[in-house]
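Student:
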Amino acid sequence: MNAVAPAVSLEGDDQEITTATTRLTTNHQHAANGHTAVNVANGHSAITVVSDDEQSPSSEGNPVTHALTNAYCDSVEKLPQVIEVSGRSRDGGPGSVMLGGKVWFVKDGCGVTCAVFTYLLVLYAEFVVMGVILFPSNSLVYSIINAVIFNFFAFLAVASHVKAMLTDPGAVPKGNATKEYIEGLGLKPGQVVYKCSKCSSITPERAHHCSVCRRCIRKMDHHCPWVNNCVGEGNQKFFVLFTMYIAIISLHALIMAGIKFFGCMDSQWEAECSRFSPPATIIMMIFLVFEGLLFAIFTAVMCGTQLHGICNDETGIEQLKKESPSWEKKGKWMSIKAVFGHDFSLAWFSPFNQPDINSGKSPPYLYHV
4 MNAVAPAVSL
14 EGDDQEITTA
24 TTRLTTNHQH
34 AANGHTAVNV
44 ANGHSAITVV
54 SDDEQSPSSE
64 GNPVTHALTN
74 AYCDSVEKLP
84 QVIEVSGRSR
94 DGGPGSVMLG
104 GKVWFVKDGC
114 GVTCAVFTYL
124 LVLYAEFVVM
134 GVILFPSNSL
144 VYSIINAVIF
154 NFFAFLAVAS
164 HVKAMLTDPG
174 AVPKGNATKE
184 YIEGLGLKPG
194 QVVYKCSKCS
204 SITPERAHHC
214 SVCRRCIRKM
224 DHHCPWVNNC
234 VGEGNQKFFV
244 LFTMYIAIIS
254 LHALIMAGIK
264 FFGCMDSQWE
274 AECSRFSPPA
284 TIIMMIFLVF
294 EGLLFAIFTA
304 VMCGTQLHGI
314 CNDETGIEQL
324 KKESPSWEKK
334 GKWMSIKAVF
344 GHDFSLAWFS
354 PFNQPDINSG
364 KSPPYLYHV
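Counting from 1, position 303 in the sequence shown corresponds to residue 306 in this note's numbering; the numbering is continuous, with no gaps.
1. Quick one: Cα of D224 to Cα of V230, how far?
2. Compare the Cα-Cα distances from S163 to each of Y248, R278 and M288 and report the closest residue.
3. Do you know offhand how far E326's Cα is from L291's?
4. Using a 10 Å radius around the Cβ and a threshold of 16 neighbouring Cβ atoms, would you call D171 buried or exposed?
5. From this set, K110, V109, P358 and V119, which residue's C-alpha is nearest F241's C-alpha?
6. Ends of the alpha helix (DSSP H) at H255?
7. The beta strand (DSSP E) that contains C233, what's its start and end?
8. Expressed to the nearest angstrom, what Euclidean distance is found between the alpha-carbon atoms of S200 and K333?
9. Tell me whether the region 294 to 304 and the region 174 to 181 touch, counting them as touching only if at least three CB pairs, one residue from each stretch, are closer than 8 Å.
10. With 16 as the cutoff for other CB atoms within 10 Å, does T29 come out buried or exposed?
11. Between G173 and the rest of its own chain, which residues show a CB-CB distance below 7 Å, the 5 nearest in sequence each way excluded?
12. DSSP on S277, reduced to helix/strand/coil?
13. Using CA coordinates, which residue listed in F293, A283, W330 and F343 is at the minimum distance from L310?
14. So, does the region 281 to 295 touch the region 125 to 134, judging by three or more C-beta pairs under 8 Å?
15. Report the residue from V85, L297, A283 and V195 whose alpha carbon sits nearest the alpha carbon of D111.
16. Select from A118, L124 and S338 the residue whose C-alpha is nearest the C-alpha of T253.
17. Tell whether a beta-carbon distance below 7 Å holds between A256 and G307.
18. If I follow the unbroken beta strand (DSSP E) through S204, where does it start and stop?
19. Should K335 be labelled buried (16 or more other beta-carbon atoms within 10 Å of its own) or exposed?
20. Run through the region 277 to 334 for me and flag every whole alpha helix (DSSP H) of 4 or more residues, listed as ranges in chain order.
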């Protein structure tokens with residue numbers, strides 16, 4: 004039995020709407036590859052609008068990630084909506100608030116909890132490194148140099164996290180699957196476009212629907228609760244920087260903790276070793292080492308996975324599906340530029356530089372929505 008596709012902008016399943024140039028019909032529907040289609044006829048040729056019911060992963064799709072996050076996240080009441088704070092509403096749909104400026108924020112209890120927990124972990128590492136490991140110290144120069152290095156990368160890590168969390172990952176305008184909108188896309192006769200039945204959006208190729216954000220996201224890689232956002236076309240650079248800088252400060256903290264511990268052992272825990280008692284110092288350093296090991300490995304793997312996918316011009320979802328690509332893959336250098344936005348420069352490593360997502364793409368999409 005053929006499934007019935009959601010009407011694009013019609014009042015009846017068999018109603019025809021005719022304009023001077025375009026005729027939209029729904030009396031010819033078919034099911035193919037799990038999708039249903041609606042034909043948009045232009046003269047004697049047709050543009051097919053396909054309803055895509057695919058669901059995208061809402062986390063990294065990684066057993067380690069699930070073990071770290073899903074047990075708690077499943078117990079938190081989730082009311083996922085998106086607040087878009089911008090000068091003008093792109094879609095005006097429910098769950099969006101426009102107040103001026105340009106900020107994207109996902110109202111998800113699990114994601115907000117993970118994001119706050121991330122900041123608390125960074126603050127704990129900051130406290131132990133500065134208050135236990137580096138000061139007091141027998142070498143003031145050593146302490147100052149390492150304090151500057153650690154705080155510099157910690158600041159970049161937090162800034163990258165904030166940018167990854169508050170940047171629109173590439174959301175497609177909601178509810179734009181109307182006859183008038185489709186006519187305005189300038190589609191070629193016979194071209195296939197996809198309609199999401201969950202958010203009523205006409206989505207470009209390589210876009211997927213996120214069940215947490217409740218939006219279709221361009222080049223969606225995954226939804227990460229640690230940054231309380233999808234990782235997609237608009238914010239993948241910031242997510243890569245976040246994982247890289249967390250891995251750097253974790254490794255740096257581990258090295259400093261090891262030097263401090265063996266130094267205190269050699270000095271028999273003299274007064275200059277720590278302002279805290281030896282047991283308290285050891286306990287705090289043990290927690291720091293555990294945190295450093297866990298997140299150094301976790302974020303290094305995530306960063307490497309992201310870079311591997313970028314170089315292969317594949318998202319995490321596309322890698323999991325293991326399907327032949329329907330798009331023309333770019334070379335490694337062009338794919339990297341497509342994420343970081345321009346020719347190589349120090350701006351690649353700055354969370355304050357918004358990349359031009361069209362760099363390295365020609366053209367970026369078959370059609371814009």
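Just so it is clear, CB atoms sit at the ideal spot from N, CA and C, and this is done for glycine as well. None of the values given here were measured: they were computed from a predicted structure.
Tutor: To lay it out plainly:
1. C-alpha separation (whole angstroms): 13 Å.
2. With distances taken between Cα atoms, S163 lies closest to Y248.
3. Straight across, the Cα-Cα distance linking E326 with L291 is about 42 Å.
4. When all chains shown are included, D171 counts as buried.
5. Nearest Cα to F241 within the set K110, V109, P358 and V119: P358.
6. Segment Q239 to D269, the alpha helix (DSSP H) holding H255.
7. C233 -> beta strand (DSSP E) spans N232 to V234.
8. Pairing S200 with K333, the inter-Cα distance amounts to about 30 Å.
9. These segments do not touch.
10. Residue confidence for T29 is low, a pLDDT of 30 falling below 50, so the modelled location carries little weight; the figure read from the coordinates is stated next. Buried is the label assigned to T29, since at least 16 other Cβ atoms lie within 10 Å of its Cβ.
11. I220, R221, K222, G235, E236 and G237, listed in sequence order.
12. The answer is coil: DSSP assigns S277 none of H, G, I, E or B.
13. Selected option, being the one with the closest Cα: F343.
14. Output reads yes: the region 125 to 134 touches the region 281 to 295.
15. Comparing Cα-Cα distances from D111 to each of V85, L297, A283 and V195, the minimum goes to V85.
16. A quick correction: the sequence has Ser, not Thr, at residue 253. Cα-wise, what sits closest to S253 is L124.
17. Cβ distance not < 7 Å, so A256 and G307 don't count as in contact.
18. Here the beta strand (DSSP E) through S204 covers S204 to T206.
19. Per the 10 Å Cβ criterion, exposed.
20. DSSP runs (the alpha helix (DSSP H)) wholly in the region 277 to 334: 281 to 314 and 319 to 324.
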